[in-house]
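Chemist:
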């Protein structure tokens, strides 16, 4: 089942992984560059994203009270979706749980053939398309706690509506590999999200994808792990 296909207006924002089966045992989620063991606590992704689907469809559809466009004037190009993966720059942080946002954006870039090589607005940025939808992929290089400096500047410069800004980040409160996508919400104690909300002048009305990085539900006694690679894990507490 292609999970991203459930986000209809973003055949666009199809995510580069598949759930091969639902079993009572652990399920493997396969990424181009990242594999995660998925716990039985995973909820149906399509139901979680249904409210976001509606907002995406609305954002791409003209309103009925808009005046008809002059046939001689081309319609303005659509605003891109900004997909932000949060993390910390530098090799010492590679493959750690805090960088799972970077990992996901890298996986999207690999799947869609988008090069994230430009340096702008204190971020590594790549521009391209997912399906017919223009997207910008961004990995802020400000360190996690100052992510808003970069994201806020990108949104301001390109005048991207907040409802078209998807932020991907780690969540130690979610069971390992559980995904939770919401159309809006608070920072949940995550300093990167706190910084972004501050630079959005307090607005929380933007979608976010939280990726669980805690293995408490799978292990006895409970432990949490850093993400090191597709198959290696290092216990942190």
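Numbering (UniProt numbering), first residue to last: 1 to 237. Yeah, the Cβ is synthetic: ideal placement off N, Cα and C, and Gly gets one too. Remember, it's a predicted structure, so these values are computed and weren't measured experimentally.
Taking contact to mean at least 3 C-beta pairs separated by less than 8 Å, is the stretch 158–168 in contact with the stretch 72–83?
Modeler: yes
Chemist: Kindly indicate which residue of 183, 160 and 192 has the alpha-carbon position closest to the one of residue 169.
Modeler: Answer by Cα proximity: 192.
Chemist: Hey, quick one: how far does the beta strand (DSSP E) through residue 118 stretch, first residue to last?
Modeler: 118–120
Chemist: Are residue 140 and residue 209 close, meaning C-beta to C-beta below 9 Å?
Modeler: no
Chemist: Which residues in the same chain have their Cβ closer than 8 Å to the Cβ of residue 207, if we skip the five residues on either side of it in sequence?
Modeler: 52, 55, 163, 165, 166, 167, 181, 182, 183 and 184
Chemist: Since I believe residue 196 is in contact with residue 104 (beta carbons under 8 Å), could you give me their beta-carbon distance rounded to a whole number of angstroms?
Modeler: For a cut-off of 8 Å, the C-beta gap from residue 104 to residue 196 is around 16 Å, too long to register as a contact.
Chemist: What do you get for residue 171, buried or exposed, if any count of 16 or more other CB atoms within 10 angstroms of its CB means buried?
Modeler: buried
Chemist: Just to confirm before moving on: does the CB-CB distance between residue 126 and residue 116 stay below 9 Å?
Modeler: yes
Chemist: Going by C-alpha to C-alpha distance, which of 121, 83 and 74 sits closest to residue 135?
Modeler: Looking at 121, 83 and 74, the one whose alpha-carbon comes closest to that of residue 135 is 83.
Chemist: If residue 98 and residue 149 are in contact, beta carbons under 8 Å, what's the gap, nearest whole angstrom?
Modeler: The C-beta distance from residue 98 to residue 149 rounds to 17 Å, too long to meet the 8 Å contact threshold.
Chemist: Which residue comes first and which comes last in the beta strand (DSSP E) that contains residue 170?
Modeler: From DSSP, the beta strand (DSSP E) with residue 170 extends over 165–175.
Chemist: By the 10 Å Cβ neighbour count, where 16 or more other Cβ atoms means buried, how is residue 88 classified, buried or exposed?
Modeler: The residue is buried, with at least 16 neighbouring Cβ atoms inside 10 Å.
Chemist: At 4 residues or longer, and completely inside the stretch 71–133: list those alpha helix (DSSP H) runs for me, N to C.
Modeler: 100–112
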